[in-house]
Ligand SMILES: [Zn+2]
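Given below as structure tokens:
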């Protein structure tokens, strides 16, 4: 997740307020910032998810604000660790995120089994969406981790 910038410097993680069509303010969008050349970009796993979210937002009525971490499981975990964790290196930070994701995935898989057990389709779909936000970018031993809803 914390890749290198084109200039060779390792990115820093930060969170930004994003304005959409001057109507919606989305807070706590994770971004990568280069401390050397100040290049900034939205994390790649956030781009598509954020686009989907923006497209689903109503743009009539008054201006309003959202917190992105309420809509994305991984952003929520990353933000919590970013603001609360005591780790002091990027690698330790990354390891803590991976570990927290694994715990959350296991909890979601337990919930999924419950939902499947009672045959609640809409609950299952909801959990699948959460799992997709987490599993897409969870890498274990160089392999992307996939959940198998069985
Ligand atoms: Zn740079």
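Residue numbers (the working numbering): 0 to 149. The beta-carbon is built from N, C-alpha and C at its ideal position, and this holds for glycine as well.
Per DSSP, reduced to three states, the secondary structure at residue 12 is strand. Note that the segment 56-65 touches the segment 7-27; at least 3 beta-carbon pairs, one per stretch, sit closer than 8 Å. Apart from sequence neighbours up to five positions away, no residue of its chain approaches residue 57 with a beta-carbon distance below 8 Å. Annotation: residue 110 to residue 127 spans about 10 Å, alpha carbon to alpha carbon. Here DSSP, grouped into helix, strand and coil, assigns residue 40 to strand.
Going by DSSP, residue 84 is part of no alpha helix (DSSP H) at all; its letter is neither H nor E.
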